[in-house]
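A.B. asks: Please see the structure below; I have some questions.
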Amino acid sequence: MKSSEFIMKFKSWYLWGNILAMIAVVIALIFGVRYGLDLYTHHGEAIEIPNMKHMKYADALHILNDKGLEMEVSDTGYVKNLPADCILEQSPAPGTKVKSGHIIYVTINSNHSPTLTLPDIIDNSSLREAMAKLTAMGFKLGNPEFVTGEKDWVYGVLVKGKHVVVGERISIEDSLVIQVGNGMRSAEDDINYIDPVEQPFETEESDVDEFDVVTSPEPTPTDPKSETPQKPANP
Numbered sequence: 290m291k292s293s294e295f296i297m298k299f300k301s302w303y304l305w306g307n308i309l310a311m312i313a314v315v316i317a318l319i320f321g322v323r324y325g326l327d328l329y330t331h332h333g334e335a336i337e338i339p340n341m342k343h344m345k346y347a348d349a350l351h352i353l354n355d356k357g358l359e360m361e362v363s364d365t366g367y368v369k370n371l372p373a374d375c376i377l378e379q380s381p382a383p384g385t386k387v388k389s390g391h392i393i394y395v396t397i398n399s400n401h402s403p404t405l406t407l408p409d410i411i412d413n414s415s416l417r418e419a420m421a422k423l424t425a426m427g428f429k430l431g432n433p434e435f436v437t438g439e440k441d442w443v444y445g446v447l448v449k450g451k452h453v454v455v456g457e458r459i460s461i462e463d464s465l466v467i468q469v470g471n472g473m474r475s476a477e478d479d480i481n482y483i484d485p486v487e488q489p490f491e492t493e494e495s496d497v498d499e500f501d502v503v504t505s506p507e508p509t510p511t512d513p514k515s516e517t518p519q520k521p522a523n524p
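In the working numbering, the protein residues as written are 290 to 524.
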């Protein structure tokens, strides 16, 4: 290609038009990404989270939706003096500024008290061991009830006056009464000693051994004719 032809193509409006179009596309991409990200991330937007503690769940949800925020229950708790479905805790904390669409996690009050499973302590542990285990699990304990049995040994558990078994679920609001031995033996466990039967004294007659007298047979007499003659002695 001659230099004059190259210069003529370089001066062509078609070439410059393509170059300008590419520059415009690049500029549009730069501004689009910049302002698009700001729009997507709500740059500069700040919504203050209201205090929803002890508020009914439905009321709090309505307030957050009006502000463009969302709410999700993350956990449940139990406070006896508060109504069910009221909010106990929230995260983020009240007053925190967030962007629209942010999720607020809340803990709501349950309509019934939580329950715990009774561990294997009946006839398997001492009073001290049972109390330590139950207290660590969160059970409420009443005064022990002493029953007849081995001292400090757990024989049963009562809830509201009724016996409960291992594995049964019990409300944390209920008090457990541990039945523990008082160290006294039950009458059923007493050993009954029986005096031996006395044998009557033996009399003199009983000392005599009774036996049959056995006599030997008498010798049979020998026939003189059948006797063997004696040999004469040598002179």
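Just so you know, even glycine gets a beta-carbon here, dropped at the ideal spot from N, CA and C. If you're wondering where the values come from, they're calculated on a predicted model, not measured in any experiment.
Check each candidate in GLY431, ASN471 and SER363 and name the one with the smallest Cα separation from ASP463.
C.D. replies: That would be GLY431, whose Cα lies nearest to the Cα of ASP463.
A.B. asks: Can you tell me whether VAL446 is buried or exposed? The criterion is at least 16 other CB atoms within 10 Å of its CB, across all chains shown.
C.D. replies: With 16 or more Cβ atoms within 10 Å of its Cβ, VAL446 is classed as buried.
A.B. asks: LEU350 and ILE336 look like a contact to me (Cβ under 8 Å); what is the Cβ gap, rounded to whole Å?
C.D. replies: Going by Cβ atoms, the distance from LEU350 to ILE336 rounds to 15 Å, so no, they are not a contact pair.
A.B. asks: If you drop the 5 nearest sequence neighbours on each side, which residues of the same chain put their C-beta closer than 8 Å to that of GLY450?
C.D. replies: Once the five neighbours on either side are set aside, GLY450 has no close Cβ partner at all.
A.B. asks: Return helix, strand or coil for ILE410, following the three-state DSSP convention.
C.D. replies: In this structure, ILE410 counts as coil in the three-state DSSP scheme.
A.B. asks: In three-state terms, what does DSSP make of ARG458?
C.D. replies: Here ARG458 sits in strand by DSSP.
A.B. asks: ILE398 by DSSP, collapsed to three states: which one?
C.D. replies: According to the sequence displayed, residue 398 carries Asn and not Ile. Three-state DSSP puts ASN398 in a strand.
A.B. asks: Using C-beta distances below 7 Å, list every residue in its chain close to TRP442, excluding the 5 sequence neighbours before and after it, in chain order.
C.D. replies: The residues are SER415, VAL469 and GLY470.
A.B. asks: Counting along the chain, where does the beta strand (DSSP E) carrying TYR346 start and finish?
C.D. replies: No beta strand (DSSP E) contains TYR346, which is instead part of the alpha helix (DSSP H) from 346-355.
A.B. asks: For the region 353-367 against the region 388-405, do three or more pairs of beta-carbon atoms, one drawn from each stretch, fall closer than 8 Å, so that the two count as touching?
C.D. replies: They touch, by the three-pair rule.
A.B. asks: Between the Cα of GLY384 and those of MET341, THR406 and VAL453, spot the shortest distance and give me the residue it belongs to.
C.D. replies: Cα-wise, what sits closest to GLY384 is MET341.
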